[in-house]
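Notes for the one structure printed next.
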Amino acid sequence: MARLEKRRIAFCISDTAGRYPYGEAVTADFVYIRLHGSQKLYVSEYTEEELHTWAQKIRKWDKDTYVYFDNDFAGHAPKNAARVKEILASFMPVPRVIIKELERPE
Numbered sequence: 011m012a013r014l015e016k017r018r019i020a021f022c023i024s025d026t027a028g029r030y031p032y033g034e035a036v037t038a039d040f041v042y043i044r045l046h047g048s049q050k051l052y053v054s055e056y057t058e059e060e061l062h063t064w065a066q067k068i069r070k071w072d073k074d075t076y077v078y079f080d081n082d083f084a085g086h087a088p089k090n091a092a093r094v095k096e097i098l099a100s101f102m103p104v105p106r107v108i109i110k111e112l113e114r115p116e
């Protein structure tokens, strides 16, 4: 890991349904994640709880993060990607201008 970090090369965080060893390390100024399915490689859909867990990790890392969903059987990948995007958007603070507008008496 030290070599990757020294050269600012991203370690690939990869969920492979237990087929290959799992590890998490942020070794660059961005994070790279590949999600191949949590229960069955390329086939299983991520649960709401699993997607929230990934979104929390992405938020905690606070870096540009590239997530590649490869659980493409039955169209799970785009659905799961869209849901993670929604979850992450819900973490975003509401801009002060909007808050002031909402608090303004009519």
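Take this note's numbering: the last position of the sequence shown gets the number 116, and nothing is skipped along the way.
Glycine residues also receive a C-beta, built at the ideal position from the N, C-alpha and C atoms.
Asked                                                                                        : Found
Proximity winner among G47, Y78, K70 and K95, relative to A84 (alpha-carbon distances)       : G47
Residue burial classification, A20 (beta-carbon count within 10 angstroms, cutoff 16)        : buried
Beta-bridge partners of L45, as assigned by DSSP                                             : D25 and F79
Beta-ladder partner(s) of F40, from DSSP                                                     : D74
Integer-rounded CB distance, given that Y42 should sit under 8 Å from D80                    : The pair is not a contact, with the Cβ atoms about 13 Å apart (cut-off 8 Å).
Local Cβ density within 10 Å of D25, reported as buried at 16 or more and exposed below that : buried
Straight-line gap, R69 to T75 (C-alpha atoms, nearest Å)                                     : 9 Å
Beta-carbon spacing of V36, W71 below 9 Å                                                    : yes
Top-ranked residue by Cα proximity to R13, from V77, W64 and A38                             : A38
Buried versus exposed, by CB contacts within 10 Å (16 or more), E58                          : exposed
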